[in-house]
Amino acid sequence: MLIHPDRLFPAEPAARDVARRLYEGIKDLPIISPHGHTDPRWYAENEPFLDPATLFVIPDHYIFRMLYSQGVRLEDLGIPTKDGGAVEKDPRAIWRRFAAHYHLFRGTPTRTWLDHTFATLFGFTERLSADNADAYYNRIDEALRMPEFRPRALFERFRIEAIATTESPLDPLKHHQTIRQSGWGGRVVTAYRPDPVVDPDFDGFRENLERFGEITGCDTSTWSGYLEAHRKRRAFFREYGATSTDHGHPTARTADLSRADAEALFRRVSTGDAGPGDAELFRAQMLTEMAAMSVEDGMVMQIHPGSFRNHNQQIYSRFGRDMGADIPSQTDYVGALKPLLDRFGNERNLSVILFTLDETSYSRELAPLAGHYPILKLGPAWWFFDAPEGMRRFRELTTETAGFYNTVGFNDDTRAYLSIPARHDVARRVDCAYLANLVTTHRLDEDEAHELAYDLAYRLAKEAYKL
Amino acid sequence: MLIHPDRLFPAEPAARDVARRLYEGIKDLPIISPHGHTDPRWYAENEPFLDPATLFVIPDHYIFRMLYSQGVRLEDLGIPTKDGGAVEKDPRAIWRRFAAHYHLFRGTPTRTWLDHTFATLFGFTERLSADNADAYYNRIDEALRMPEFRPRALFERFRIEAIATTESPLDPLKHHQTIRQSGWGGRVVTAYRPDPVVDPDFDGFRENLERFGEITGCDTSTWSGYLEAHRKRRAFFREYGATSTDHGHPTARTADLSRADAEALFRRVSTGDAGPGDAELFRAQMLTEMAAMSVEDGMVMQIHPGSFRNHNQQIYSRFGRDMGADIPSQTDYVGALKPLLDRFGNERNLSVILFTLDETSYSRELAPLAGHYPILKLGPAWWFFDAPEGMRRFRELTTETAGFYNTVGFNDDTRAYLSIPARHDVARRVDCAYLANLVTTHRLDEDEAHELAYDLAYRLAKEAYKL
Amino acid sequence: MLIHPDRLFPAEPAARDVARRLYEGIKDLPIISPHGHTDPRWYAENEPFLDPATLFVIPDHYIFRMLYSQGVRLEDLGIPTKDGGAVEKDPRAIWRRFAAHYHLFRGTPTRTWLDHTFATLFGFTERLSADNADAYYNRIDEALRMPEFRPRALFERFRIEAIATTESPLDPLKHHQTIRQSGWGGRVVTAYRPDPVVDPDFDGFRENLERFGEITGCDTSTWSGYLEAHRKRRAFFREYGATSTDHGHPTARTADLSRADAEALFRRVSTGDAGPGDAELFRAQMLTEMAAMSVEDGMVMQIHPGSFRNHNQQIYSRFGRDMGADIPSQTDYVGALKPLLDRFGNERNLSVILFTLDETSYSRELAPLAGHYPILKLGPAWWFFDAPEGMRRFRELTTETAGFYNTVGFNDDTRAYLSIPARHDVARRVDCAYLANLVTTHRLDEDEAHELAYDLAYRLAKEAYKL
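Protein chains in written order, with this note's numbering: chain S, 195 to 661; chain W, 195 to 661; chain B, 195 to 661.
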């Protein structure tokens, strides 16, 4: 049996029984996926996925980083190079390499997600290995050509009530337009991720500003025109369902400069005249500006700070971004957020969802902040920590200070479409296990645990993201 | 049933049985409360508490910060503003608001403490909710008018053997005088918390220095007079039972300046001529000076560093201090304490109890320091971490390096008088659960666990604080 | 019974059963001890150990630091002072003092190791205490005079397949020569720890450089001669079995200077002309130089950063190094290692094993780095964290991101020879317990757990260290 019905529940029988009862009540709830990186083209064009390697291995940096760490070359996994140099083209060869290294994922969430997908979508009962690699390949490859494996059919099978993708302000949202015009009923919304026009260190920042002006018809060479461009583009995104913005800065730093200082800073970063610290200060100021706009237009802000992107210089030069070489670093929130909080911390029409890759901040900073400021909520365990132990630590380190109701349920944050049900299932099971432990140690009544299980699996995400 | 007899014990039956046996042996031990913030006026005047809202909600920042984080205005909870602006005056309306939001405390220690108090003091068996808010209010309100709910009667009912309050050197200790003169047998002692005359950033620091001089008859405009004032005032506090001092600095930094440098620094901070860093350096120097005095007079030093006080500027301006907006921040000990340790780390007549709001320091810094320096001991899990998971982490992260005997048992650190038995009960249960796990995994013999349960519940606090 | 057959296994019966089965399969595997500090003289000369106090107490800073922290003077434990001042000379008196304080070790790994040693080597069944101190002393003292308690006999009894000691480049390795020439079959290898000639802050650094030149016949007054000396000395160490180097720097900082800058820096630190930051920069540069040599000669690099050595100034002055006063401090890896990784991170013939004393880096930095870079692997829980809870945290915080196969099994890192079987046994039990929990919560199949138990107990260490 590839997946066990009691997986991730406590081993102790009394707690396991409670977990089973809680899970039974929520396992079939629809999926709210308020933050993620699936490709809207899938839903727009509804074309079949190509083959097992192209679906599972080549786009998934969780998978290929692990193989790379154990000596497998990225070229041998079909990862395209920037200069178009030769890489493996045979999907079956790639799949075999992946299968031969499947033991590397023991104890990782990748393994849990894959097994869940293999079992529930393709009916496998035997663990993937070098021996059965071809059998796996053949069955998946065949399935992908069937209509029920097209993106929209899967969307319905997954019981997705709403899913958000993430786009840059420079994106024309044409896939979202196609979805709308298609008459298909799936709810796919966009989210506003302005990093390319907000982060002076972003590749092509100055050209991006220019294009931003063209797209919006605003004079993005001036501070006021630039801000106006954001306002217009946020409104355009809202036409395509956007209820949130997202900000992936290296730090959580915010600033609240005078108008004159902000204008001067914008002039420097937009004309290539930036001094040391200007890029960081501009990003910081823009978080506060985005908050100001959210107070006006009601969009929920998400802050995803603290990733040192593209840490491996050679891999970045050869393969580009998102190659599994983004490494978390220490992240301060208490000092960093103060300028934004001083201005907007007590607003009633603002919601800021904080994420972290520095787990030390859970109990020391994030839970105390969210347990006080009305605008702050905590996003779920993110990225490397979106895994059973990571989720358990998140609850153990935040609940006693911030409670459950300053958190926002789960989001899968994934570009791996087929893993979405597995990821939500893991989150639901881990939360049921956590609640079961509270019940069995008499810290919570079981009727409350049922209500909480529902809230954590469904209601909180829906409400926090206004979906 | 509002509280279960096995609450907080391990779910696994064998470990639960051990925990029950350990707890049985120590549950009725007297309470030693060596550090806290109850109001000595209560014991001095022994007046009845006013009403449920004034007793439970208005003074408790654990409670109102959580409601505030979820959109309830502080004014609607009766929290007085600095300018005397209108706030809710009806205690029943406040209580109803609190009851309607009681679910927010699920999974928090506040809930555990309140349920324990509601069940053991007022006989409730049903969880507080909007539906039974009035029934709760009526029963509590009635009880508070009965003689057995007056402070001294509760003191005896709670089996408090000794309790420390915390006072500023500027406090005349008149309530403590009244207690002494009253002939009542309850042991209430003060503790010396010199922040208002030691921290140049404290509101009214320079006026405080002046008053400090008047009260002590010392010339607090000179360094030597200022130090002499401390010596005299510490002696005065000892007359009212003080065995400890307490220091709530933003950091744990210490310094050991030459006399000339210290004098010059004092001159700058006391005349308003301080440069950047001077306030921090002065606080640092004063920790070392306080240690020097403790070597002479035997008072135990407590250091409670690392809270960013009054983080919410708007709330501070409108409502003042202690409004639930104090946020922990990163705290270094290894470098910060070195000047003090270089001078006094190997003394035989000095005891310094370290607390932290930065749990990362438990295993990295505090346990290794306490497991070596004779003067250092570790205070219990503090503030946000005074909760079952926080306490478990404290033991798991410190015991393997520092052992049990470099810790000092529990202190409740509370201003919520009625919660004292609940807090000590949680600590006793969590320690019994921790010990039971050691016994059940054969890391400790059960006879040792019984001895340790007694030590952690009673003996260590009594001895560490010389009570 | 002093040690229980189920010690350290989960209390929950189903998980305990799995743990028992896993442990049964690996408990008798030979010991690979790839990193440690035992004295090669023991294996060379094979003389009996002197007496219980000289064997267990006087050389073990885990033991005497704990007694010191509770007020026992180091002099009274026979710790020699630098100036030869009077200390306790009677081993029985020392042993009695130790026995009388044995309760201090409750809950610590020292206790676990000692009980294991007392039970398995000397047949004790009763816990050490003041009462049986003499009986313990007598039986151990007697045993030490028997041939089966000589170092080589114990080596065989412990089933040590290979053990590494750690030597400075200035060490003539004569004990290793003696071992080789003796015809004894025990595999004892050295490891290259160049701190004394790499760290400008090391006592006698400039004299060390001179001796380094004499020993190697290289001109260590020049940068190129100095590097050549390292190359020659590494080759010499390899003749005595060395497969690894080890680096105990205050931080993990690396640098990759131009040749000219490196030369100038070497000139400054080697002539006593170093400016602030030069020592740190030189250590940083030397990590990268050592990596370059490892690419050539295949030696595995170990980095053990983050200890603030000799924190207690008075103890250091009176007793010297390694007196239990080394305190961990915050350690950054993400920025610190980047220069080395930029140059060598993607090499195929380089292996760098990272250790930490800052557990916050496990999930935030070390697991993500090791889960990507081919050259990086994670060493086991180190020093203060080489204990059941520390090991559990290591697995829980690293496995979900780095998997098991980017770790290197266990190493005991000890100078306490008799504790070696106990330490490996603890590691094996804790890993079996961790795996059993994964199996019982259906995150791992039991056949995989058996394979992993073998890998973690034996194979990974052997392969990672090329032993």
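Each residue gets a CB set at the ideal place from its N, CA and C atoms; glycine is no exception. As the structure is a prediction and not an experimental result, all values here were calculated from the model.
(request) With 9 Å as the C-beta to C-beta threshold (strictly closer), list the residues of the segment 545-567 of chain S near chain B in chain order. (result) L551, D552, E553 and T554
(message) Can you give me the C-alpha to C-alpha distance between P366 of chain B and D606 of chain W, rounded to a whole angstrom?
(response) Position 172 of the third sequence holds residue 366 of chain B. Position 412 of the second sequence holds residue 606 of chain W. When rounded, the distance between both Cα atoms is 59 Å.
(message) the ligand ADP and V494 of chain W: does any heavy atom of the ligand fall closer than 7 Å to the residue's C-beta?
(response) The ligand ADP is not part of the structure shown, which contains no ligands of any sort.
(message) Please state whether the Cβ-Cβ distance between Y628 of chain B and R653 of chain B is less than 8 Å.
(response) Against the third sequence, residue 628 of chain B aligns to sequence position 434. Against the third sequence, residue 653 of chain B aligns to sequence position 459. The answer is no: Cβ separation not under 8 Å.
(request) Say whether chain B places a C-beta atom closer than 8 Å to the C-beta of Y262 of chain S. (result) Working through the first sequence from its first residue, we reach residue 262 of chain S at position 68. So, interface residue.
(request) Give the residues of chain W in contact with D200 of chain B, contact being defined as C-beta atoms less than 7 Å apart. (result) As a position in the third sequence, residue 200 of chain B is number 6, starting the count at 1. Chain W residues near D200 of chain B: H636.
(request) Quick one: give me the first and last residue of the alpha helix (DSSP H) that M260 of chain W is part of. (result) For the purposes of this step, residue 260 of chain W is taken as the residue at position 66 of the second sequence. That run of the alpha helix (DSSP H) goes H255 to S263.
(request) Go through the segment 487-557 of chain B residue by residue and report every complete run of the beta strand (DSSP E) that reaches 3 residues or more, in order. (result) 494-497 and 546-548
(message) Under 8 Å, Cβ to Cβ, is there at least one residue of chain S near I302 of chain W?
(response) As a first step, residue 302 of chain W must be located in the second sequence, where it is residue number 108. Position check: residue 302 of chain W holds Thr in this sequence, whereas Ile was assumed. So yes, T302 of chain W belongs to the interface.
(request) Alpha carbon to alpha carbon, how far is E408 of chain W from S613 of chain W? Give it in angstroms, no decimals. (result) Residue 613 of chain W sits at position 419 when you count from the first residue of the second sequence. Residue 408 of chain W sits at position 214 when you count from the first residue of the second sequence. Those two C-alpha atoms are separated by around 38 Å.
(message) For a minimum of 4 consecutive residues, which ranges assigned as the alpha helix (DSSP H) are wholly contained in the segment 428-467 of chain B?
(response) 453-464
(request) Sort out for me which residues DSSP pairs E361 of chain W with in a bridge. (result) Position 167 of the second sequence, counted from the first residue, corresponds to residue 361 of chain W. W:Y386, per the DSSP bridge assignment.
(message) Pairs of beta-carbons, one from the segment 619-635 of chain W and one from the segment 196-214 of chain W, closer than 8 Å: are there three or more?
(response) yes
(request) Counting only runs of 4+ residues fully inside the segment 232-307 of chain S, write out the alpha helix (DSSP H) ranges in chain order. (result) 234-239, 255-263 and 285-294
(message) Could you check whether the segment 427-442 of chain W touches the segment 489-496 of chain W, counting it as contact only if at least three pairs of C-beta atoms, one from each stretch, sit closer than 8 Å?
(response) yes
(request) Determine the chain B residues that contact A446 of chain W at a beta-carbon separation under 7 Å, and present them in chain order. (result) Position 252 of the second sequence, counted from the start, is the residue given in the question as residue 446 of chain W. Neighbours of A446 of chain W on chain B: none; closest Cβ ~13 Å, over 7 Å.
(message) Rounding to the nearest angstrom, what Cα-Cα distance links E422 of chain S and S415 of chain S in this structure?
(response) Within the first sequence, numbered from 1, the residue matching residue 422 of chain S stands at position 228. Within the first sequence, numbered from 1, the residue matching residue 415 of chain S stands at position 221. Cα to Cα, E422 of chain S sits roughly 11 Å from S415 of chain S.
(message) Between S488 of chain B and chain W, is the shortest Cβ-Cβ distance under 8 Å, so that the two count as touching?
(response) Locating residue 488 of chain B in the third sequence gives position 294, where the first residue counts as 1. With 8 Å as the cut-off, S488 of chain B does not count as an interface residue toward chain W.
(request) Inspect the beta-carbon positions of P394 of chain B and A473 of chain B and report whether they are closer than 8 Å. (result) By one-based count along the third sequence, residue 394 of chain B stands at place 200. By one-based count along the third sequence, residue 473 of chain B stands at place 279. Yes, these two residues count as a Cβ contact at 8 Å.
(request) Indicate the three-state DSSP secondary structure (helix, strand or coil) for T601 of chain S in the structure shown. (result) For the purposes of this step, residue 601 of chain S is identified with residue 407 of the first sequence, where counting begins at 1. DSSP places T601 of chain S in strand when its eight states are reduced to three.
(message) Please report whether the beta-carbon of L632 of chain B lies at a distance below 8 Å from any beta-carbon of chain S.
(response) In the third sequence, residue 632 of chain B corresponds to position 438, counting from 1. Cβ-Cβ to chain S under 8 Å: yes for L632 of chain B.
(request) Check distances from the C-beta atoms of the segment 495-519 of chain W to those of chain S and list, in chain order, the residues that come in under 9 Å. (result) G500, F502, H505, N506, Q507, Q508, I509, M517, G518 and A519
(message) Can you find the residues in the same chain that come closer than 6 Å, C-beta to C-beta, to D520 of chain B, ignoring five residues on each side of it along the sequence?
(response) The residue labelled residue 520 of chain B in the question sits at position 326 within the third sequence. Counting only Cβ-Cβ distances below 6 Å, and skipping sequence neighbours, we find S501 and R503.
(message) I'd like the span of the beta strand (DSSP E) that includes K571 of chain S, first residue to last.
(response) Along the first sequence, one-based indexing puts residue 571 of chain S at 377. From DSSP, the beta strand (DSSP E) with K571 of chain S extends over L570 to L572.
(request) Find the nearest neighbour of P224 of chain B within the set B:V463, B:D536, B:G380 and B:P562, judged by alpha-carbon distance. (result) Taking the third sequence and counting its residues from 1, one reaches residue 224 of chain B at position 30. Closest option to P224 of chain B, Cα to Cα, is B:G380.
(message) Does the CB of K656 of chain W have a neighbour CB from chain B at under 8 Å?
(response) In the second sequence, residue 656 of chain W corresponds to position 462, counting from 1. It does not; no Cβ of chain B falls within 8 Å.
(message) Is L244 of chain B close to chain W? Criterion is C-beta to C-beta, closer than 8 Å.
(response) Here the question's residue 244 of chain B lines up with position 50 in the third sequence. No, no contact with chain W.
(message) I want to verify the contact list: residues of chain B whose CB lies under 8 Å from the CB of T306 of chain S, in sequence order.
(response) Indexing the first sequence from 1 puts residue 306 of chain S at position 112. Here the neighbours are R637.
(message) So with CB distances below 9 Å, who are the chain W contacts of G419 of chain S?
(response) Numbered from 1 along the first sequence, position 225 holds the residue referred to as residue 419 of chain S. Residues of chain W passing the Cβ test: none, with the nearest at roughly 31 Å.
(message) For the segment 526-544 of chain W, list every residue whose C-beta sits within 8 Å of some C-beta in chain B, in sequence order.
(response) D526, V528, G529, K532, L535, D536, G539, N540 and R542
(message) Using a 10 Å radius around the Cβ and a threshold of 16 neighbouring Cβ atoms, would you call T302 of chain S buried or exposed?
(response) Residue mapping note: residue 302 of chain S aligns to position 108 of the first sequence, counting from 1. Answer is buried; the Cβ neighbour count reaches 16.
(message) Classify L650 of chain S: buried if its beta carbon has 16 or more other beta carbons within 10 angstroms, exposed otherwise.
(response) In the first sequence, the residue the question calls residue 650 of chain S occupies position 456. The residue is buried, with at least 16 neighbouring Cβ atoms inside 10 Å.
(request) Flag this pair as touching only if the segment 285-302 of chain S and the segment 535-545 of chain S have three or more C-beta atom pairs under 8 Å; answer yes or no. (result) no
(request) Pull up the DSSP beta-bridge partners for A356 of chain S, would you. (result) On the first sequence, position 162 is the one that residue 356 of chain S refers to. Note: A356 of chain S sits in a beta bridge opposite S:I226.
(message) Using only the alpha-carbon positions, how far apart do M260 of chain S and E457 of chain B sit?
(response) Residue numbering aside, residue 260 of chain S sits at position 66 when the first sequence is read from its first letter. Residue numbering aside, residue 457 of chain B sits at position 263 when the third sequence is read from its first letter. Those two C-alpha atoms are separated by around 38 Å.
(message) Since K571 of chain B and T601 of chain B should fall inside the 8 Å C-beta cutoff, what is the C-beta to C-beta distance between them, to a whole number of angstroms?
(response) To locate residue 571 of chain B, count along the third sequence from 1; it is residue 377. To locate residue 601 of chain B, count along the third sequence from 1; it is residue 407. Contact holds; Cβ gap of about 7 Å.
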